[in-house]
Amino acid sequence: MDVPSEHPLVSKGGLTIVLTSKDVAVEGFRWSNCGLHGVNPAGKSVFIWVGSSETQRPDQCAWPFHQPIYGPQSPPNVDVGMDGMVVNIASLLARTVTNPYGDGYFIGSAGAGVEVASACIGEYGKGPYPG
Numbered sequence: 001m002d003v004p005s006e007h008p009l010v011s012k013g014g015l016t017i018v019l020t021s022k023d024v025a026v027e028g029f030r031w032s033n034c035g036l037h038g039v040n041p042a043g044k045s046v047f048i049w050v051g052s053s054e055t056q057r058p059d060q061c062a063w064p065f066h067q068p069i070y071g072p073q074s075p076p077n078v079d080v081g082m083d084g085m086v087v088n089i090a091s092l093l094a095r096t097v098t099n100p101y102g103d104g105y106f107i108g109s110a111g112a113g114v115e116v117a118s119a120c121i122g123e124y125g126k127g128p129y130p131g
């Protein structure tokens with residue numbers, strides 16, 4: 001995902017978070033990504049994109065709120081899509097803060113590194129349900 005440096009939401013050294021609604025289709029969302037983070041080298045800024053998981057792959061992107069085997073049996077805010085987005089925002093914020101330009105914190109080799117949110121899946125505090 002490339003964001004033009006002249007885009008009004010891009011500020012040097014800034015963080016842009018893009019949330020898309022359930023009626024917006026983004027390539028790769030349903031199969032491999034619930035969201036992603038990246039960098040705009042021209043603007044020296046980072047971005048996060050999170051898609052709505054209400055209708056697009058809630059089993060993968062709204063976990064643990066979409067029919068889980070254990071843990072909460074319903075989303076805490078009664079909105080599977082939005083609660084799924086919150087989980088993905090937390091994951092992507094952790095990744096963006098610790099590895100904003102692809103050369104920060106990760107485990108393994110640089111080409112196939114595992115970022116913090118993948119190394120400690122769902123651990124956002126003491127005693128949480130995974131998410």
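Counting in full-length UniProt numbering, the sequence shown runs from 1 upward without gaps.
Glycine is no exception: its CB is placed at the ideal position from the N, C-alpha and C atoms.
The model shown is predicted, which means the values in this text are computed figures rather than measured ones.
*With distances taken between CB atoms, is the gap from Glu54 to Lys12 smaller than 8 Å?*
In this structure, Lys12 does not lie closer than 8 Å to Glu54 by Cβ.
*In whole angstroms, what separates the C-alpha of Tyr105 from that of Val116?*
Rounded to the nearest angstrom, the gap between the Cα atoms of Tyr105 and Val116 is 7 Å.
*Coarse secondary structure for Thr98, derived from DSSP in three states*: In this structure, Thr98 counts as helix in the three-state DSSP scheme.
*Run the CB neighbour count on Ile48, radius 10 Å, all protein chains shown included, and call it buried at 16 or more, exposed below.*
Buried.
*Count the other C-beta atoms from every protein chain shown that fall within 10 angstroms of the C-beta of Pro58, then say buried if there are 16 or more, exposed otherwise.*
Pro58 counts as buried, since at least 16 other C-beta atoms from the protein chains shown sit within 10 angstroms of its C-beta.
*Excluding sequence positions up to five away, which residues of its chain have a Cβ less than 8 Å from the Cβ of Gly108?*
Val114.
*May I ask you to check if the CB of Lys22 is nearer than 7 Å to at least one heavy atom of the ligand MN?*
As for the ligand MN, it is missing from this structure, which has no ligand bound.
*Less than 8 Å separating the beta-carbons of Ala62 and Gly35?*
Contact check for Ala62 against Gly35 fails: the beta carbons are separated by 8 Å or more.
*Continuous alpha helix (DSSP H) stretch holding Cys61: start and end*: DSSP places Cys61 inside the alpha helix (DSSP H), whose first and last residues are Pro58 to Cys61.
*Per DSSP, cross-strand counterpart(s) of Thr16*: DSSP output for Thr16 lists Phe47 as bridge partner(s).
*Rank Asp103, Asn88, Pro76 and Gly14 by C-alpha distance to the C-alpha of residue 136 and give the top, closest one.*
With the chain covering only 1 through 131, there is no way to say anything about residue 136.
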